[in-house]
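Below you'll find the structure, written out as structure tokens, and then a few comments.
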Amino acid sequence: MLLPWAAQAQAPRWPDRPLKLIVPFPPGGPVDATARILAQAMGPALGQQMVVENRSGAGGVLGIDALAKSAPDGLTLALGSAGAVAVNVSLVPNLPYDPRRDLAPVGMVTAVPSLLVVRPGLAARSLAELLAMARRQPGRVTFASTGPGGTPHLAAELLRLQAGLDLVHVAYRGAAPAITALLGEEVDMAFLDLPVLLPQVREGKLRPLGLAAAARSPALPEVPTMAEAGVAGVEVENWYALLAPARVPAERMATLAAALRAALAQPETAERYLASGARILGGAPEEAARFIAAETARWAEVVRRADIKVD
56 MLLPWAAQAQ
66 APRWPDRPLK
76 LIVPFPPGGP
86 VDATARILAQ
96 AMGPALGQQM
106 VVENRSGAGG
116 VLGIDALAKS
126 APDGLTLALG
136 SAGAVAVNVS
146 LVPNLPYDPR
156 RDLAPVGMVT
166 AVPSLLVVRP
176 GLAARSLAEL
186 LAMARRQPGR
196 VTFASTGPGG
206 TPHLAAELLR
216 LQAGLDLVHV
226 AYRGAAPAIT
236 ALLGEEVDMA
246 FLDLPVLLPQ
256 VREGKLRPLG
266 LAAAARSPAL
276 PEVPTMAEAG
286 VAGVEVENWY
296 ALLAPARVPA
306 ERMATLAAAL
316 RAALAQPETA
326 ERYLASGARI
336 LGGAPEEAAR
346 FIAAETARWA
356 EVVRRADIKV
366 D
């Protein structure tokens, strides 16, 4: 009679405390939006509230470093992006954490393509016109990014390499400030995640010129890919992974991974992500680790070719 009770008493029990989900970028940007959808779905799957905490700075370094140095109890997580997790390894000198040693992927979440847009007052109505303008005025056309080494920066650098342009980089602390700068005519162009740009594009406030993807997006089917618009080789997809600090006990990692799978499988969650132009990735922690390792190697080569430096 006591055996079932004993087995239940020894089973791992999730702590009766809220979880913290660190977002390494400011509120209002794509990482923040992705995280808040995930927190709303994943918290109930764990039976606890998941609280989003924005800790922006240094292209995502500050937030990811906070995760790496947090207690390995599974109660503090972070939503990492390609720039903060894969690119910074080869870009940031004296990175305060080693993603391979200090972080443990719970699983992949979503991926979104980058979209090239220009400010409303810019004369260029197509990618060809933008390229012609940049060639007539070398060093005059500016592009915004969410910080050095983020996918918006890398996408513009790929365009510069592929088209032989001289562009000026202007870094901001996240997507929301970059969009504000575009709307305020402070900068000429930017590659940003498709979901965060959809409202401005659909309202005619920003002009889309090309999607940095292999195929057009159902969210904006009228917008050509960069290759269709005239420049091949500019395919940049940002992805998001749910991360824990290293050395979280295996049973808690398994619980977190199961909760993530359950959250992504919810029809409402899937609908919200797909409506924004994202595609759901999912997968086991081991698959996420292999994916991130491959992306780290890929972006190391891009950083080398573009000779990207962080001051």
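For what it's worth, the working numbering labels the leading residue of the sequence shown as 56, then goes sequentially. For every residue, glycine included, the Cβ atom is placed at its ideal position computed from N, Cα and C. Predicted model, so just to flag it, every value in this text is computed and none were measured.
Helix, strand or coil for residue i per DSSP?
i	result
asparagine 149	coil
aspartate 221	coil
glutamate 108	strand
tryptophan 69	coil
glycine 135	strand
threonine 201	coil
glycine 98	helix
glutamate 77	Going by the sequence as given, residue 77 is isoleucine instead of glutamate. It is a strand residue.
alanine 296	strand
valine 289	coil
leucine 158	strand
alanine 318	helix
alanine 62	In this predicted model, alanine 62 has a pLDDT of only 38, less than 50, meaning its place in the structure is not dependable enough to derive any value.
alanine 12	Because the chain in this structure spans residues 56 to 366, residue 12 falls outside the shown range and cannot be described.
alanine 339	coil
glycine 84	coil
leucine 130	coil
glycine 239	coil
Compute the beta-carbon to beta-carbon distance between residue i and residue j, rounded to the nearest angstrom, for a pair I have assumed lies under 8 Å.
i	j	result
leucine 170	valine 357	The Cβ separation is near 19 Å, so there is no contact.
leucine 315	leucine 158	That belief does not hold up - the Cβ atoms of leucine 315 and leucine 158 are roughly 15 Å apart, past 8 Å.
threonine 165	tyrosine 295	5 Å
proline 148	isoleucine 119	At roughly 16 Å, the Cβ-Cβ gap does not stay under 8 Å, so proline 148 and isoleucine 119 are not in contact.
proline 254	valine 278	The Cβ separation is near 15 Å, so there is no contact.
valine 291	threonine 206	5 Å
proline 340	proline 154	Rounded, the Cβ-Cβ distance is 14 Å, inconsistent with contact.
arginine 228	glycine 112	7 Å
valine 372	valine 172	The shown model of the chain, from 56 to 366, leaves out residue 372, and the question about it has no answer.
methionine 163	alanine 301	Incorrect: roughly 18 Å between the Cβ atoms, too far for contact.
proline 203	alanine 233	Wrong, their Cβ atoms sit about 13 Å apart, outside the cutoff.
leucine 122	alanine 361	Contact flag wrong, Cβ pair sits at about 28 Å.
asparagine 143	glycine 114	7 Å
valine 167	aspartate 248	5 Å
So if DSSP puts residue i in a beta bridge, which residue, or which two residues, is it bridged to?
i	result
valine 173	Met244 and Arg262
arginine 334	Ala166
lysine 124	Partner(s): none; lysine 124 has no beta bridge.
leucine 213	According to DSSP, which records beta bridges pairwise, leucine 213 is partnered with nothing at all.
threonine 280	Leu266
alanine 226	Ser200
Using the Cα positions of residue i and residue j, report the straight-line distance between them to the nearest angstrom.
i	j	result
proline 127	alanine 189	49 Å
serine 272	glycine 332	7 Å
leucine 261	glutamate 323	29 Å
threonine 310	leucine 101	8 Å
glutamate 350	glutamine 192	34 Å
glycine 219	alanine 211	11 Å
asparagine 109	methionine 308	23 Å
alanine 187	arginine 195	12 Å
glutamine 63	glycine 98	In this prediction, glutamine 63 has a pLDDT of 38, which is less than 50 and means its spatial position is unreliable; nothing more can be read from the coordinates.
proline 67	tryptophan 354	Confidence at proline 67 is low in this model, with a pLDDT of 45, below 50, so its placement is unreliable and the value that follows should be read with caution. Their Cα atoms are separated by approximately 39 Å.
alanine 230	leucine 237	11 Å
leucine 134	alanine 269	25 Å
lysine 364	histidine 224	12 Å
alanine 90	leucine 76	8 Å
valine 107	glutamine 321	20 Å
methionine 105	alanine 94	5 Å
alanine 287	aspartate 71	52 Å
leucine 185	alanine 179	5 Å
proline 151	lysine 124	10 Å
Counting only beta-carbon separations shorter than 9 Å, does residue i have a partner in chain C?
i	result
methionine 244	Checking the listed chains, one finds no chain C in this structure; it contains a single protein chain.
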